[in-house]
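Mapped onto our numbering, the consecutive letters of the sequence shown carry residue numbers 1086 to 1171.
Beta carbons are placed, not taken as given, at the ideal position from N, Cα and C, and that holds for glycine.
For reference, the structure is listed below as structure tokens.
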Amino acid sequence: MASAAAKKSKASPGKQLTYAEAQGALERSLVQLQSEDLEIERLPELYAEAMGYEKRCLEVLQQVSQEIQQLDPENLSLSPLAQPEA
């Protein structure tokens, strides 16, 4: 039985999963891989899916890391919170 995230990624292969979607799908894949009920024939397919989810997680983390490194601390400013009107 395929997970919802796996179905979503197979239904629209061009769509990139978010980090949370890929992480959740990876966790579900790992649970299935550790299951004693796993049919040995499904092992390669599940392993490949898990590796794909791991790759997506790493891609997102690298992208975010690069974006953070490109931020210029001199140009960052915090705006005061707006006071609610009475």
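To which residues of the same chain is residue i closer than 7 Å at the C-beta, ignoring the five residues directly before and after it?
i	result
Q1117	L1123, L1131
Should residue i go down as buried or exposed, given a rule of 16 or more other Cβ atoms within 10 Å for buried?
i	result
E1134	buried
Using 8 Å as the limit for Cβ to Cβ distance, is residue i near chain D?
i	result
P1165	Absence of chain D from the displayed structure is noted, only one protein chain being present.
What residue range does the alpha helix (DSSP H) around residue i cover?
i	result
S1150	1128-1155
A1107	1104-1119
Does DSSP put residue i in a helix, in a strand, or in coil?
i	result
P1158	helix
K1095	Below a pLDDT of 50, predicted positions are generally treated as unreliable, and K1095, at 46, falls in that range; the measurement from the model is reported next regardless. Helix at K1095.
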